[in-house]
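Note sheet for the following structure.
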Amino acid sequence: MKVEITIDESLCKACAYCIEACPKKNLEFASNINKSGYHPVKVKDKSKCTGCGMCYQVCPEIAIIVENES
Amino acid sequence: MNPDIIKYKTGEKILLKGNEAFAEGTVRAGCRFFAGYPITPQNEIPEYLSWRLFEVGGTFIQAESEVSAINMIYGAASCGARALTSSSGPGISLKQEGISYIASAELPFLYANVMRGGPGLGNIAPCQSDYFQATRGGGHGDYRIIVLAPDSAYEMGNFPKLAYDTAEKYRNPCMILADGLIGQMMEPLEFNFDFVDVEKIPSKDYVVGNCKGREMRVINTLHMSTDILEKHNWDLYRKYEKIKAEFTLFEEKYTDDADIIIVAYGTAARISMAAIMKGREQGIKIGLLRPITLWPFPEKIISQLAQKVGKVLAVEMNTGQLVEDVQMAVNGKAEVYFYGRPGGNIPTGDEILGVAKDALKMKNVEPGKINVLNKL
Amino acid sequence: MKRVYKRPEGLSKTIMRYCPGCGHSIVHRIIGETIDELGIREKTIAIAPVGCSVFLYEYFNCDSIQVAHGRAPAVSTGIKRVNPELIVFSYQGDGDLAAIGTAELIHSATRGENFTIIFINNAIYGMTGGQQAPTTMPGQKTTTNPYGRDPKLAGYPIRVSEMLATLDGPVYIERTAVNKAVNVLKTKKAIKKAFQLQVEKKGFSLIEVLAPCPTGWGISPLKACEYVDKVMIPYYPLGVYKDLTQVK
Numbered sequence: 000m001k002v003e004i005t006i007d008e009s010l011c012k013a014c015a016y017c018i019e020a021c022p023k024k025n026l027e028f029a030s031n032i033n034k035s036g037y038h039p040v041k042v043k044d045k046s047k048c049t050g051c052g053m054c055y056q057v058c059p060e061i062a063i064i065v066e067n068e069s
Numbered sequence: 000m001n002p003d004i005i006k007y008k009t010g011e012k013i014l015l016k017g018n019e020a021f022a023e024g025t026v027r028a029g030c031r032f033f034a035g036y037p038i039t040p041q042n043e044i045p046e047y048l049s050w051r052l053f054e055v056g057g058t059f060i061q062a063e064s065e066v067s068a069i070n071m072i073y074g075a076a077s078c079g080a081r082a083l084t085s086s087s088g089p090g091i092s093l094k095q096e097g098i099s100y101i102a103s104a105e106l107p108f109l110y111a112n113v114m115r116g117g118p119g120l121g122n123i124a125p126c127q128s129d130y131f132q133a134t135r136g137g138g139h140g141d142y143r144i145i146v147l148a149p150d151s152a153y154e155m156g157n158f159p160k161l162a163y164d165t166a167e168k169y170r171n172p173c174m175i176l177a178d179g180l181i182g183q184m185m186e187p188l189e190f191n192f193d194f195v196d197v198e199k200i201p202s203k204d205y206v207v208g209n210c211k212g213r214e215m216r217v218i219n220t221l222h223m224s225t226d227i228l229e230k231h232n233w234d235l236y237r238k239y240e241k242i243k244a245e246f247t248l249f250e251e252k253y254t255d256d257a258d259i260i261i262v263a264y265g266t267a268a269r270i271s272m273a274a275i276m277k278g279r280e281q282g283i284k285i286g287l288l289r290p291i292t293l294w295p296f297p298e299k300i301i302s303q304l305a306q307k308v309g310k311v312l313a314v315e316m317n318t319g320q321l322v323e324d325v326q327m328a329v330n331g332k333a334e335v336y337f338y339g340r341p342g343g344n345i346p347t348g349d350e351i352l353g354v355a356k357d358a359l360k361m362k363n364v365e366p367g368k369i370n371v372l373n374k375l
Numbered sequence: 000m001k002r003v004y005k006r007p008e009g010l011s012k013t014i015m016r017y018c019p020g021c022g023h024s025i026v027h028r029i030i031g032e033t034i035d036e037l038g039i040r041e042k043t044i045a046i047a048p049v050g051c052s053v054f055l056y057e058y059f060n061c062d063s064i065q066v067a068h069g070r071a072p073a074v075s076t077g078i079k080r081v082n083p084e085l086i087v088f089s090y091q092g093d094g095d096l097a098a099i100g101t102a103e104l105i106h107s108a109t110r111g112e113n114f115t116i117i118f119i120n121n122a123i124y125g126m127t128g129g130q131q132a133p134t135t136m137p138g139q140k141t142t143t144n145p146y147g148r149d150p151k152l153a154g155y156p157i158r159v160s161e162m163l164a165t166l167d168g169p170v171y172i173e174r175t176a177v178n179k180a181v182n183v184l185k186t187k188k189a190i191k192k193a194f195q196l197q198v199e200k201k202g203f204s205l206i207e208v209l210a211p212c213p214t215g216w217g218i219s220p221l222k223a224c225e226y227v228d229k230v231m232i233p234y235y236p237l238g239v240y241k242d243l244t245q246v247k
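Heads up: the sequence lines are chains A, B and C, in that order.
If you're matching positions, the first sequence starts at 0 in numbering that gives the first Met the number 0 and goes up one per residue.
If you're matching positions, the second sequence starts at 0 in numbering that gives the first Met the number 0 and goes up one per residue.
If you're matching positions, the third sequence starts at 0 in numbering that gives the first Met the number 0 and goes up one per residue.
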């Protein structure tokens with residue numbers, strides 16, 4: 000199984016919906032600030048991502064792309 | 000096109016009410032979509048179209064309100080259909096919101112105001128109380144509507160073709176400003192144009208739907224940038240100036256030797272003709288200038304006639320609206336008189352002849368000032 | 000099998016200008032996915048309302064019309080009667096749909112017009128600055144209910160889905176929410192079904208979506224999602240209110 004998760008941090012508005020939705024609790028705020036002034040969300044450990052897409056489902060900014068080959 | 004849907008041959012003499020002639024004329028001119036709400040004195044238009052549009056495969060909707068009806072027109076016109084609505088004063092007021100949007104979106108469509116007495120609920124008698132509303136755009140924002148004023152069932156029947164063609168040429172709404180008398184009166188007429196085959200009306204490059212193989216299109220009236228909206232306003236202005244230069248219609252009668260010119264439209268013009276004919280029998284020389292387009296207003300010819308004749312009398316079924324345009328056209332170069340019958344009352348030929356005689360007798364009148372001839 | 004979750008083709012590349020945590024963009028994305036999955040982009044017309052989603056015509060990759068406040072169902076009616084092959088959806092907020100546009104809504108529903116309404120119920124007027132909506136909760140504070148909505152003075156919230164379900168015209172009415180992943184998935188299912196019914200010329204459908212408005216409510220996005228769960232859903236129960244496709 001191959002899973003790829005990409006977060007476009009420039010789009011993130013730090014609503015935290017994805018952090019809440021991730022069943023593996025694998026997302027968190029980054030320490031840096033993006034151009035809009037938010038701490039964007041980042042993946043804690045890419046190898047733990049199951050590719051379920053819940054973060055994509057709740058993200059209002061469509062900032063998360065998940066590819067899941069299973 | 001199935002030839003069975005052509006109800007009347009071109010040139011065939013028929014007898015119809017003005018409202019029915021208008022309804023048939025719109026279908027003949029290619030209208031296939033009507034949405035409206037009942038209001039007197041224009042109800043013959045939706046009633047006629049409810050079965051006639053069915054015959055020709057068009058759509059008739061009795062909407063829940065005038066507000067809704069005009070927005071159905073917005074949708075239909077966005078798809079390129081020759082769309083129509085009709086109403087009378089109070090209903091037109093409700094439609095003004097939508098008309099403003101459609102004017103801004105530069106979509107052609109046709110609507111009729113069969114005027115009744117106002118303001119408020121007024122009454123259902125013939126009146127010309129909505130001249131200002133019609134000729135100044137009527138709704139919010141900075142826009143104009145092409146306004147045609149028929150004076151007979153013949154013009155009610157034949158103006159729709161002219162109106163649709165002109166509306167589509169300039170991508171601008173066009174209205175027919177009639178009154179209860181023109182709408183309700185039954186008289187002979189014939190259609191001077193052949194039944195339009197809607198399949199042959201050229202498709203428009205600004206309508207929405209089926210975006211295959213092209214960029215997406217947006218029909219929009221929101222321009223948050225002040226620069227973009229200012230440009231849009233000036234673009235509209237240039238279009239309106241072009242319409243003014245190219246599409247001003249009027250009718251002149253007995254102006255060659257006249258000592259006074261009556262300016263009147265619709266029912267008021269027709270009755271004024273009776274006064275003119277009676278005056279001629281008595282050796283009183285009155286001429287008529289009948290604006291057929293109320294916007295654009297035929298200001299040049301009125302200016303020329305005013306300077307030649309010296310006296311201009313505006314006759315209206317209101318307390319003085321068109322007379323302000325006459326005054327502007329005259330521009331202080333001639334005497335300006337006004338006679339009006341508001342409230343749904345209609346002046347008689349004798350009344351008009353009487354006030355014309357009064358005006359002819361008046362001396363030392365300040366040019367350009369409006370002299371009201373009603374005895375108030 | 001490869002599953003890819005990414006920006007649908009039904010949406011344009013324009014970045015949506017909504018506040019953090021806004022429910023609008025989630026629903027936009029769901030509609031975009033639906034347009035992709037049904038292959039209807041080239042014949043779809045989006046009707047943009049007045050409200051926060053007024054710029055919707057910039058966000059969808061299909062033809063669109065921006066219309067007057069509340070009039071979307073009338074404009075949709077005009078389009079569908081002239082060209083029944085097109086797919087038309089109007090996207091309306093609670094003020095647009097349940098206040099100023101109530102007449103247009105009810106009458107297009109009772110005529111059974113074959114188009115789809117996506118109704119975003121976030122219990123507030125977002126764009127104008129957080130005033131009372133017809134769906135504002137009793138006790139909820141807004142900029143025009145500084146002491147909270149008092150039903151004695153300002154009336155009760157309108158349950159649009161329940162009201163429309165009493166009519167014979169509509170074919171499918173469902174209320175969903177987008178406050179958590181499971182509800183987002185249910186919203187997707189409902190919206191896709193509504194569009195599918197339109198493609199099949201089945202008639203009028205409306206999906207009411209309870210959506211968070213963190214800015215308008217003055218709370219954080221996560222708190223707003225909680226508010227949907229704890230306050231809104233009990234008053235506006237989720238579920239199918241009418242589905243003629245289930246009736247034999």
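Glycine residues also receive a C-beta, built at the ideal position from the N, C-alpha and C atoms.
Notebook entry, point to check: the region 181-205 of chain C: which residues have C-beta closer than 9 Å to a C-beta of chain B, in chain order?
Noted result: When C-beta distances to chain B are compared with 9 Å, every residue of the region 181-205 of chain C stays at or above that value.
Check: For Lys23/A, which residues from the same chain have a beta carbon less than 6 Å from its beta carbon, with the 5 sequence-adjacent residues on both sides left out?
Finding: Taking the first residue of the first sequence as position 1, residue 23/A is located at position 24. Once the five neighbours on either side are set aside, the close Cβ partners of Lys23/A are Lys47.
Check: Any Cβ of chain C within less than 8 Å of the Cβ of Ala111/B?
Finding: The residue you call residue 111/B lines up with position 112 of the second sequence. Not an interface residue.
Notebook entry, point to check: Which residues in chain B sit within 8 Å of Ile117/C, going by Cβ to Cβ distance?
Noted result: Taking the third sequence and counting its residues from 1, the one referred to as residue 117/C is at position 118. Using a Cβ-Cβ cut-off of 8 Å, Ile117/C is close to nothing in chain B; its nearest Cβ partner there is about 17 Å away.
Check: Excluding sequence positions up to five away, which residues of its chain have a Cβ less than 6 Å from the Cβ of Pro137/C?
Finding: Mapped onto the third sequence, residue 137/C falls at position 138. So the list reads Arg148 and Pro150, once near-sequence residues are dropped.
Checklist line | Proximal chain A residues relative to Lys222/C, where beta-carbon distance stays under 8 Å | finding: On the third sequence, position 223 is the one that residue 222/C refers to. The contacting residues do not exist; Lys222/C stays about 10 Å from chain A at best.
Checklist line | Endpoints, the alpha helix (DSSP H) within which Ala268/B is located | finding: For the purposes of this step, residue 268/B is identified with residue 269 of the second sequence, where counting begins at 1. Segment Gly265 to Glu280, the alpha helix (DSSP H) holding Ala268/B.
Check: What is the rounded straight-line gap between the Cα of Asn373/B and the Cα of Ala358/B?
Finding: Position 374 of the second sequence holds residue 373/B. Position 359 of the second sequence holds residue 358/B. Rounded to the nearest angstrom, the two C-alpha atoms are 11 Å apart.
Check: What three-state label does DSSP hand Asn67/A in the structure shown?
Finding: Mapped onto the first sequence, residue 67/A falls at position 68. The DSSP-derived three-state label of Asn67/A is strand.
Item checked: chain C contact for Gly52/A (CB, 8 Å cutoff) -> As a first step, residue 52/A must be located in the first sequence, where it is residue number 53. At least one C-beta of chain C is nearer than 8 Å to the C-beta of Gly52/A.
Check: In three-state DSSP terms, what is Lys16/B?
Finding: What you label residue 16/B is simply residue 17 of the second sequence in a count that begins at 1. Looking at Lys16/B - three-state DSSP - the assignment turns out to be strand.
Item checked: Buried or exposed by the 16-neighbour rule on C-beta atoms within 10 Å, applied to Gly278/B -> The residue you call residue 278/B lines up with position 279 of the second sequence. The residue in question, Gly278/B, is buried, as its Cβ has 16 or more Cβ neighbours within 10 Å.
Notebook entry, point to check: What does Pro187/B pair with, by DSSP beta-bridge criteria?
Noted result: Locating residue 187/B in the second sequence gives position 188, where the first residue counts as 1. BP columns for Pro187/B point to Leu14/B.
Notebook entry, point to check: Per DSSP, Phe108/B is paired with what?
Noted result: Mapped onto the second sequence, residue 108/B falls at position 109. Phe108/B is not bridged to any residue.
Margin query: Under DSSP, the beta strand (DSSP E) around Met174/B begins and ends at which residues?
Written below: In the second sequence, counting from the first residue as 1, residue 174/B sits at position 175. Element bounds for Met174/B: Cys173 to Asp178.
Check: With respect to the alpha helix (DSSP H) encompassing Tyr377/B, which residues constitute its N-terminal and C-terminal limits?
Finding: Look at the range of chain B in this structure, 0 to 375, and you will see that residue 377/B is not part of it.
Margin query: Within 10 Å of its beta-carbon, does Tyr56/C have 16 or more other beta-carbons around it, so buried, or fewer, so exposed?
Written below: To locate residue 56/C, count along the third sequence from 1; it is residue 57. For Tyr56/C, the number of other beta carbons within 10 angstroms of its own is at least 16, and it is reported as buried.
Next item on the list: Taking Tyr100/B as the query, report the chain C residues whose CB atoms sit under 8 Å from its CB, ordered along the chain.
Entry: Taking the first residue of the second sequence as position 1, residue 100/B is located at position 101. Around Tyr100/B, the beta-carbon contacts reaching into chain C at under 8 Å are Val66 and Ala67.
Margin query: On a Cα-Cα basis, can you pick out the residue from Ser87/B, Met174/B, Cys173/B and Arg143/B that is closest to Ala124/B?
Written below: Locating residue 124/B in the second sequence gives position 125, where the first residue counts as 1. Of Ser87/B, Met174/B, Cys173/B and Arg143/B, the residue nearest in Cα terms is Ser87/B.
Notebook entry, point to check: Beta carbon of Val113/B, beta carbon of Ser67/B: below 8 Å?
Noted result: For this step, residue 113/B is matched to residue 114 along the second sequence. For this step, residue 67/B is matched to residue 68 along the second sequence. Taking a C-beta distance under 8 Å as the contact criterion, Val113/B and Ser67/B do not qualify as a contact pair.
Note to self: Quick check on the DSSP output: the alpha helix (DSSP H) that includes Ser89/C runs from which residue to which?
What the structure shows: As a working mapping, residue 89/C is identified with position 90 in the third sequence. For Ser89/C, there is no enclosing alpha helix (DSSP H); the enclosing beta strand (DSSP E) covers residues Ile86 to Gly92.
Next item on the list: Can you tell me which of Gly79/B, Lys211/B and Gly119/B puts its alpha carbon nearest to the alpha carbon of Pro172/B?
Entry: The residue given as residue 172/B occupies position 173 in the second sequence. Nearest in C-alpha terms to Pro172/B, of all of Gly79/B, Lys211/B and Gly119/B, is Gly79/B.
Next item on the list: Put Val40/A into one of helix, strand or coil per three-state DSSP.
Entry: Here residue 40/A refers to the residue found at position 41 when the first sequence is read from its first residue. Val40/A: strand per DSSP, three-state reduction.
Check: Would a C-beta distance cut-off of 8 Å place Gly50/C and Gly94/C closer than the cut-off?
Finding: Numbered from 1 along the third sequence, position 51 holds the residue referred to as residue 50/C. Numbered from 1 along the third sequence, position 95 holds the residue referred to as residue 94/C. Contact check for Gly50/C against Gly94/C passes: the beta carbons are separated by less than 8 Å.
Margin query: If you measure between the beta carbons of Val87/C and Ile99/C, is that distance less than 8 Å?
Written below: Taking the third sequence and counting its residues from 1, one reaches residue 87/C at position 88. Taking the third sequence and counting its residues from 1, one reaches residue 99/C at position 100. In this structure, Ile99/C does not lie closer than 8 Å to Val87/C by Cβ.
Checklist line | Bridge partners - Leu26/A, DSSP secondary structure assignment | finding: Reading the first sequence from its first residue, position 27 is the one you call residue 26/A. Under DSSP, the beta-bridge partners assigned to Leu26/A are Val42/A.
Check: Hey, how far is the Cα of Arg27/B from the Cα of Gly179/B?
Finding: Here residue 27/B refers to the residue found at position 28 of the second sequence. Here residue 179/B refers to the residue found at position 180 of the second sequence. When rounded, the distance between both Cα atoms is 23 Å.
Item checked: Where the alpha helix (DSSP H) through Glu19/A begins and ends -> The residue you call residue 19/A lines up with position 20 of the first sequence. Counting along the chain, the alpha helix (DSSP H) containing Glu19/A begins and ends at Tyr16 to Ala20.
Check: Should Ala273/B and Asp150/B be called a contact, given that it needs their Cβ atoms to be closer than 8 Å?
Finding: Position 274 of the second sequence, counted from the start, is the residue given in the question as residue 273/B. Position 151 of the second sequence, counted from the start, is the residue given in the question as residue 150/B. No. Outside cutoff.
Item checked: Where the alpha helix (DSSP H) through Arg158/C begins and ends -> For this step, residue 158/C is matched to residue 159 along the third sequence. In the DSSP assignment, Arg158/C falls outside any alpha helix (DSSP H), carrying neither H nor E.
Next item on the list: Starting from Lys1/C, follow the beta strand (DSSP E) in both directions and report where the run begins and ends.
Entry: The residue given as residue 1/C occupies position 2 in the third sequence. Run containing Lys1/C: Lys1 to Tyr4, per the beta strand (DSSP E) assignment.
Checklist line | Cβ-Cβ distance between Leu10/A and Glu60/A below 8 Å | finding: Your numbering for residue 10/A matches position 11 in the first sequence. Your numbering for residue 60/A matches position 61 in the first sequence. Cβ distance < 8 Å, so Leu10/A and Glu60/A count as in contact.
Notebook entry, point to check: Thinking C-alpha only, which one of Ala193/C, Gly22/C and Phe203/C is nearest Ala219/C?
Noted result: Here residue 219/C refers to the residue found at position 220 of the third sequence. Checking the sequence, you will find Ser at residue 219/C rather than Ala. It is Gly22/C.
Notebook entry, point to check: Is it true that the CB of Ala111/B sits closer than 8 Å to the CB of Gln41/B?
Noted result: Numbered from its first residue, the second sequence carries residue 41/B at position 42. Numbered from its first residue, the second sequence carries residue 111/B at position 112. Result yes, Cβ atoms of Gln41/B and Ala111/B sit closer than 8 Å.
Check: Does the beta-carbon of Val66/C have 16 or more other beta-carbons within 10 angstroms, so that it is buried, or is it exposed?
Finding: As a working note, residue 66/C is residue 67 in the third sequence. Result: buried.
Margin query: Using only CA atoms, which one of Glu19/B, Gly117/B, Ile369/B and Leu304/B lies nearest to Ala152/B?
Written below: Position 153 of the second sequence, counting from 1, holds the residue named residue 152/B. Cα-wise, what sits closest to Ala152/B is Glu19/B.
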